[in-house]
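Asks:
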Amino acid sequence: MIEHDPRFRRAILPNTRLERLHTGGRWFEGPAYFPAGRYLVWSDIPNDRILRWDETDASVSTFRHPAGHTNGHTRDREGRLVSCEHHHRRVTRTEPDGAITILASHWQGHRLNSPNDVVVASDGAIWFTDPAYGIDTDYEGERAPSEIGACHVYRLDPAGHLDAVATDFTRPNGLAFSPDESLLYIVDTGATHVESGPRHIRRFRVDGGRLAGGEVFATCQAGLFDGIRVDTEGRLWASAADGIHLYDPDATLLGRIPVPEVVANLAFGGPRHNRLFICATTSLYSVYVNARGAGR
Ligand code: MG
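Spelled out as C-alpha cells, the structure:
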C-alpha cells in the first residue's frame, strides 16, 4: 500500500494483503460479483471465455465459451448479468433461464464498434462505452471497420431507446456513477491511438438521461486508467498499470494498491461488498478494503 494522503488509511485495512485467486489468462477484464450465488464472473477476452470464481470453495470454472469476446460485465437491479460483447458488437443480458437477450447492437442504423464497459442506473437505464478495441484486431474480437466512425458513450433507456450521451471522446472506456447517481465518471484511453492523447477520467453531471460538464477529474500517473468503481463514500477506485489508484471525490490521489500485473478492471464483491476483485492481465487478484462498493 502506498499512501499519498493520510485519508488513504481510512479506506484500506492495514493487515490485509493482495491475494492471487487465479492465473493463466491472456487479458482479464470485466469482473462482476453475484451475491445470490457468491460467485464472480469475468472475461478472458483473447481466449473468448467468461470465467467464474466460486467464493464458497475458491474453484474456477468456465462460465461461457465461446463468449463473443466479452469485455465489461455488470449486474442489473434484478440480479441479471449484463455484458459487453466485442465479437458480436453488442450489449446483452443473460436471463434467469440462460437465454441471451440483445439489448443494443446498432445506433442510427449502424453497428456499434465493440462495447467495452457498462453500468446500470437505478432507473434501469444501461449506460455503456463503445470504443473500437474489439474491431481493431482479431485478437480481442474480429477486425472490422467502424460503421459509426467515432467512439461514443450511450444510454439505453428502459423503453429500449438508444441515445449517444457523450460524443467528444477519443476512446471511452470504464465508467461509474457516484453513490447518488448525480455524477458519472468516464475514462478516456485515447492515448492508445492518439499521440499524447487522453489518459484521464472525466466527471459529468447527470441530469435525467443527459450529461453536462465533463471536466477532467484525474490524469493517470501510471499507464492508462481502464475500469473504475466508486464506493459508498464517493471515492473512486481506478485501475492503472501499476495497480489500483484511489481518489477522493475532491480529486486528490489518496494512495495506491500495488498489483504485480497491469490492471484492467475491478469490482467490489463479497457478502459485505468490501472485497475488491481485480482483473490484471493474466490473473485475478483480491484484497479486502475498509470501503463498500456503491450501487449495491
Ligand atoms: Mg475497459
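Just so we're aligned: 216 in this note's numbering is position 233 of the sequence shown, and the numbers increase by one with no gaps anywhere. C-beta atoms are modelled at their ideal positions from N, C-alpha and C, and glycine is treated no differently. What you are looking at is a predicted structure, and each value in this text was computed from that prediction instead of being measured.
#1: For a test of your reading of the model: does the CB of residue 99 fall under 6 Å from any non-hydrogen atom of the ligand MG? Yes or no.
#2: Could you check whether the Cβ of residue 231 sits closer than 6 Å to any heavy atom belonging to the ligand MG?
#3: Return the chain-ordered list of same chain residues with a C-beta closer than 7 Å to the C-beta of residue 108, the five sequence neighbours on each side being excluded.
#4: Does the Cβ of residue -2 lie closer than 6 Å to at least one heavy atom of the ligand MG?
#5: Report the partner residues of residue 210 according to the DSSP bridge assignment.
#6: Is any non-hydrogen atom of the ligand MG found closer than 6 Å to the C-beta of residue 121, if you look at the structure I gave you?
#7: Work out the CA separation of residue 255 and residue 34 for me, nearest whole Å.
#8: Report buried or exposed for residue -2, applying the criterion of at least 16 other Cβ atoms within 10 angstroms of its Cβ.
#9: Is residue 113 near the ligand MG, going by C-beta to nearest heavy atom under 6 Å?
#10: Just verifying my parser: in three-state terms, what is the DSSP assignment at residue 184?
#11: Exposed or buried, residue 177, counting other C-beta atoms within 10 Å across all chains shown (16 or more means buried)?
#12: Does residue 26 pass the burial test, meaning 16 or more other C-beta atoms within 10 Å, or should it be called exposed?
#13: Under 8 Å by Cβ, that's how I've got residue 24 and residue 46 pegged, so tell me the actual separation to the nearest angstrom.
#14: Any chance the CB of residue 96 is under 6 Å from a heavy atom of the ligand MG?
#15: With DSSP as the reference, please indicate the residues paired to residue 120 in a beta bridge.
#16: How would you label residue 70, buried or exposed, when you count the other beta carbons within 10 angstroms and need 16 or more for buried?
#17: So what's residue 241 in DSSP terms, helix, strand or just coil?
#18: Apply the 10 Å Cβ neighbour rule to residue 12 and answer buried if 16 or more other Cβ atoms are within range, or exposed otherwise.
#19: What number of angstroms, rounded off, separates the C-alpha of residue 195 from the C-alpha of residue 189?
#20: Looking at the structure shown, is residue 127 part of a helix, part of a strand, or coil, going by DSSP?
#21: May I ask you to report which of helix, strand or coil DSSP gives residue 175?
#22: Quick check for students: name the residue ranges of the beta strand (DSSP E) that lie wholly in the stretch 46 to 121, counting only runs of 3 or more.
#23: Do you know whose CA, among 233, 224 and 210, lies nearest residue 259's CA?
#24: Could you name the residues that DSSP lists as bridge partners for residue 165?
#25: Among 44, 261, 215 and 186, which residue has its Cα nearest to the Cα of residue 273?
Replies: Here's the rundown:
#1: At least one heavy atom of the ligand MG is nearer than 6 Å to the Cβ of residue 99, so yes.
#2: Not so, every heavy atom of the ligand MG lies at least 6 Å from the Cβ.
#3: Around residue 108: 138, 139, 140, 141 and 192.
#4: Shortest gap from the CB of residue -2 to any heavy atom of the ligand MG: 6 Å or more.
#5: Note: residue 210 sits in no beta bridge, so no partner.
#6: No; taking the cut-off as 6 Å, the Cβ of residue 121 has no heavy atom of the ligand MG nearer than that.
#7: Between residue 34 and residue 255, the alpha-carbon positions lie close to 22 Å from each other.
#8: With fewer than 16 other Cβ atoms from the protein chains shown falling within 10 Å of its own Cβ, residue -2 counts as exposed.
#9: Outside the cutoff, so no.
#10: Strand.
#11: Classification of residue 177: exposed, given that the 10 Å Cβ count is below 16.
#12: By the neighbour-count definition (other C-beta atoms within 10 Å, threshold 16), residue 26 is a buried residue.
#13: With a Cβ gap of about 5 Å, residue 24 and residue 46 count as contacting.
#14: No, the beta carbon of residue 96 sits no closer than 6 Å to any heavy atom of the ligand MG.
#15: None; residue 120 has no bridge partner.
#16: Buried: at least 16 other Cβ atoms inside 10 Å.
#17: Residue state, collapsed to three classes: strand.
#18: Buried, by the Cβ-count rule.
#19: Computed Cα separation, rounded: 6 Å.
#20: When DSSP states are grouped into helix, strand and coil, residue 127 belongs to the coil group.
#21: Looking at residue 175 - three-state DSSP - the assignment turns out to be helix.
#22: Taking only runs of at least 3 residues, the beta strand (DSSP E) segments lying wholly in the stretch 46 to 121 are 53 to 58, 64 to 68, 73 to 77, 83 to 87, 101 to 103 and 109 to 112.
#23: Nearest option by C-alpha distance: 210.
#24: None; residue 165 has no bridge partner.
#25: Of the listed residues, the one whose Cα sits closest to residue 273 is 215.
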